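Peer 1: Supplied in structure tokens, the structure appears directly below.
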Amino acid sequence: MEIVPARGPVDEGALDALVDALRGRTVAVLTGAGMSTESGIPDYRGEGTRARARNPVQYRAFVDDPAARRRYWARATLGWPAFRDRRENDAHRALAALEGAGASPPITQNVDRLHQKAGSADVIELHGALAEVICLSCRTLYARDEVQTWMLELNPGFAAADAEIAPDGDVELEDTEGFVTATCPRCSGVLKPHVVFFGESVPRDRVERAFRRVRSADALLVVGTSLAVYSGFRFVRRAHEEGQPVHVVNAGPTRADALATTRLDGRVGDILPRLVQRLRE
């Protein structure tokens with residue numbers, strides 16, 4: 709796999725420290741939205757997102773309120789093609805290559821499956837993936853593309869060109885009153901993206917599997933996340949409590965900075981390819 713050279717400045721001293729810390733060691737990797745912003749998928753806390761602050765979809769509202777559910781699916785139907793077609797970037801490819809140098813497949817907070825597009829296998833998706841939809845009644849799983857077909861058949865002419873996607877994989881749309889939401893073809897139950905919404909908890913078995921992956925490694929590498937959400941921060945806190953080195957690569961401050969053994973600030977797409985290149989030397 710070709711690793712593209714870094715395009716931006718990298719703190720060479722901090723990079724040297726990280727290379728020394730990781731060389732010859734097994735590494736667990738935890739990733740967040742900063743991995744995918746360089747692929748055109750915005751996060752909730754980036755500069756551009758803060759300028760157009762929005763309220764994320766809440767689980768209870770989605771389940772209990774047909775209007776909220778209709779609003780979500782209308783916006784998501786417009787956003788899905790652009791979200792689905794986003795491509796992996798240099799950072800994703802670098803982490804996939806790092807698996808050949810002692811790193812485990814990523815534990816990710818992202819729902820975009822860009823790690824898999826880059827070649828990573830056995831990724832632990834803490835928050836699920838938008839590529840799947842689940843029926844809340846019979847628990848049948850459907851491919852998101854299949855559900856997209858149903859939504860468009862029920863809403864002919866409902867499409868938008870060059871829509872700007874938002875962090876939920878949807879788009880900004882105010883009038884959703886006339887949108888018809890598809891239901892489960894098996895039981896007529898409510899269809900929900902197979903992701904963890906705000907107000908939901910990450911499934912316990914998924915959390916335990918991620919803890920096992922972290923515990924089996926010599927160090928934890930945190931990439932592209934501020935760790936503002938507890939579902940990711942818990943792994944850093946546990947690693948620190950158990951004396952496991954934590955290394956952070958992120959553009960901007962993180963909740964783990966005070967716990968980190970090494971810290972690199974900058975674009976992950978600049979730093980990770982350089983890191984892999986150095987570890988291969």
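Residue numbers (the numbering used here): 709 to 989. Every residue gets a Cβ at the ideal spot worked out from N, C-alpha and C, and that includes glycine. Computed from a predicted model, the values in this text were never measured in an experiment.
Runs of 3 residues minimum, wholly inside the stretch 815-856: which ones carry the beta strand (DSSP E) assignment?
Peer 2: 836-843, 849-851
Peer 1: What does DSSP give as the partner residues of Leu935 in its beta bridges?
Peer 2: DSSP lists no partner for Leu935.
Peer 1: Around the Cβ of Leu738, are there at least 16 other Cβ atoms within 10 angstroms (buried) or fewer (exposed)?
Peer 2: Here Leu738 is buried. Its C-beta has 16 or more other C-beta atoms within 10 Å.
Peer 1: Quick check on DSSP: helix, strand or coil for Arg946?
Peer 2: Note: Arg946 maps to helix in three-state DSSP.
Peer 1: Thinking C-alpha only, which one of Ala784, Asp773, Arg975, Asn863 is nearest Asn797?
Peer 2: Looking at Ala784, Asp773, Arg975, Asn863, the one whose alpha-carbon comes closest to that of Asn797 is Arg975.
Peer 1: Does the beta-carbon distance from Arg971 to Ala809 come in below 8 Å?
Peer 2: no
Peer 1: For the alpha helix (DSSP H) that contains Thr785, what are its first and last residues?
Peer 2: In this chain, the alpha helix (DSSP H) harbouring Thr785 covers 774-792.
Peer 1: Would the beta-carbon of Leu838 fall within 8 Å of that of Arg847?
Peer 2: no
Peer 1: Helix, strand or coil, according to DSSP, for Leu881 in the structure here?
Peer 2: Per DSSP, reduced to three states, the secondary structure at Leu881 is coil, with no helix or strand assignment.
Peer 1: Does the separation of the CB atoms of Ala927 and Arg733 fall below 8 Å?
Peer 2: yes
Peer 1: Whose C-beta lies closer than 7 Å to the C-beta of Ser747 among residues of the same chain, with five residues either side of it excluded?
Peer 2: Arg794, Arg795, Glu796, Asn797, Leu822
Peer 1: Whole-angstrom Cβ separation of Val944 and Val937, contact assumed at under 8 Å?
Peer 2: At roughly 12 Å, the Cβ-Cβ gap does not stay under 8 Å, so Val944 and Val937 are not in contact.
Peer 1: Given that a residue counts as buried once 16 or more other Cβ atoms are within 10 Å of its Cβ, and exposed if not, what is Pro813?
Peer 2: buried
Peer 1: Going by DSSP, which residues form a beta bridge with Val922?
Peer 2: Beta-bridge pairing links Val922 to no other residue.
Peer 1: Are there 16 or more other CB atoms within 10 angstroms of the CB of Gly865, so buried, or fewer, so exposed?
Peer 2: So Gly865 ends up on the exposed side.
Peer 1: If you measure between the beta carbons of Thr933 and Gly721, is that distance less than 8 Å?
Peer 2: Result no, Cβ atoms of Thr933 and Gly721 do not sit closer than 8 Å.
Peer 1: Between the C-alpha atoms of Leu723 and Arg986, what's the straight-line distance to the nearest angstrom?
Peer 2: 9 Å
Peer 1: Between the alpha carbons of Arg758 and His800, how many angstroms are there, rounded?
Peer 2: At Arg758 the pLDDT is 44, less than 50, meaning the model places this residue with poor confidence; the figure from the coordinates comes in the next sentence. Computed Cα separation, rounded: 24 Å.
Peer 1: Quick check on Val984: does DSSP put it in helix, strand or coil?
Peer 2: If DSSP states are grouped into helix, strand and coil, Val984 belongs with the helices.
Peer 1: Cα separation between Gly836 and Gly787?
Peer 2: One C-alpha to the other measures close to 18 Å.
Peer 1: Using the C-alpha atoms, what's the distance from Ile842 back to Leu899?
Peer 2: 6 Å
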